[in-house]
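Residue numbers (this note's numbering): 6 to 163.
Glycine included, every Cβ here is placed at the ideal spot set by N, Cα and C.
If you're wondering where the values come from, they're calculated on a predicted model, not measured in any experiment.
Each remark here refers to the structure printed beneath this line.
The structure is reproduced here in structure tokens:
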């Protein structure tokens, strides 16, 4: 929970909230670890939530330890969330980001997200607005066929 509190000092999730998210059947969480100090240490994490069969998903959280920012870890985590959303058949992803976090806003915009609404005083207790952002996802690419297809869909050797 140290990274949660370091990343979100005024509105960190409680241990119970984090546990509920991690155990949710609708969630997908990824982490980045380092072994710089000898023992594995989580230096970034991100989470996505989507109900089975629902074409919409929500980014729940993303955090990278301050000393590891600027190395692309956030992009790697976010890319994995979007890839998982595509694997789940999601076509639309939403997220909220603090209005006072231009670095995160720029990253999301770079992934094709657009600011579609503002939630006044969403983040408490400091009363910072949330930007609601949205992106449409292209379908997951399919792997090229390497062998014969199902009966009736054989490939031709021309």
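- Between residue 68 and residue 8, the C-beta spacing is below 7 Å.
- In this structure the segment 134 to 142 touches the segment 96 to 108; the number of beta carbon pairs closer than 8 Å is three or more.
- When DSSP states are grouped into helix, strand and coil, residue 30 belongs to the coil group.
- The beta carbon of residue 46 sits closer than 7 Å to those of 38 and 39, all from its chain and outside the five residues before and after it, given in chain order.
- In the structure shown, the three-state DSSP call for residue 81 is helix.
- DSSP lists 97 as the bridge partner or partners of residue 141.
- The Cβ-Cβ distance between residue 35 and residue 82 falls below 7 Å.
- Look at the segment 13 to 67 and you find these whole runs of beta strand (DSSP E), each 3 residues long or longer: 32 to 39 and 46 to 54.
- CA-to-CA, the gap between residue 98 and residue 112 works out to about 15 Å.
- Under the criterion of beta carbons closer than 8 Å, residue 64 and residue 56 do not qualify as touching, at roughly 15 Å.
- Here residue 66 is buried, its C-beta having at least 16 other C-beta atoms within 10 Å.
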